[in-house]
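If you use mature numbering (1 follows the signal peptide of the UniProt record, and there is no 0), the sequence shown corresponds to residues -19 to -1, 1 to 132, in order.
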Amino acid sequence: MRHLLLVLSALMLATSAEARTIYYGNKVGMELTIVKKSGIGSEHASILAKHNRQKAGVYCREYGHDFSKECIDAEMKSPLHFEITANCKTGKFTTFYGGNMLFQGRNKGTEVTTDYLITSIDDHVVLDGSGASSYDVTLDQFKALCPNRVR
C-alpha cells in the first residue's frame, strides 16, 4: 500500500509538471501548454508548446466577451511559432510570434524604465515596458528559457 501511494504521488507530480503553461500574449487566456523543454539555461535552450482549447475559450470569453465556438476556432488558428529558442550565453532568443530578440541584462540608467533591456533585433527597438511592447510576456519567455540570466 505504501509503495502504491508513492507511485501515485510521483505520477501526480509528473503530470502537474507536464501541464505547465506559458503566456504568448498579455491578455487573459493567451497561454500555451508546454509540451517539452530541452537545454534550459544553455546555448541551445528550447521550449515546445501547443495551443489549448480551454485557454482559447477563456481568452474569447474574458477578453473578447465572445462565447462562440467560432471565436475559439479562430484563436486556435493564431499564427504562432510553437517553439521558442535561446542562446543563454549571447542572450539571443525567439518568441512565440517569431520575433528575434536580444536580452542585454540589467538596465543601467537608460531612458527606458524597465529592469532589464530587451531589444527586438528585427525592428531595432528596445522594449519600453508598456503593454504594447509586450515586455512582460517577452521577459517571461526568456526567463523560462534562461532562468539563471534573470534574477
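Glycine included, each C-beta is placed from N, C-alpha and C at the ideal position.
{"Query": "DSSP-derived helix/strand/coil call for residue 107", "Result": "strand"}
{"Query": "Sequence-distant residues of its chain with Cβ nearer than 6 Å to residue 120 (five each side left out)", "Result": "none"}
{"Query": "Residue of 11, 65, 94, 102 minimising C-alpha distance to residue 24", "Result": "65"}
{"Query": "Segment contact, 8 Å Cβ cut-off, at least three pairs: the segment 34 to 45 with the segment 5 to 12", "Result": "yes"}
{"Query": "Inter-residue Cα distance where the pair is residue 78 and residue 101", "Result": "12 Å"}
{"Query": "Sub-9 Å separation of residue 123 and residue 84 beta-carbons", "Result": "yes"}
{"Query": "Cα-Cα separation, residue 15 to residue 126", "Result": "12 Å"}
{"Query": "Residue 2 versus 31, 22, 21, residue with shortest Cα-Cα distance", "Result": "31"}
{"Query": "Secondary structure of residue 16, DSSP reduced to three states", "Result": "strand"}
{"Query": "Identified DSSP bridge partners for residue 4", "Result": "12"}
{"Query": "Pairwise C-alpha distance: residue 82 and residue 76", "Result": "8 Å"}
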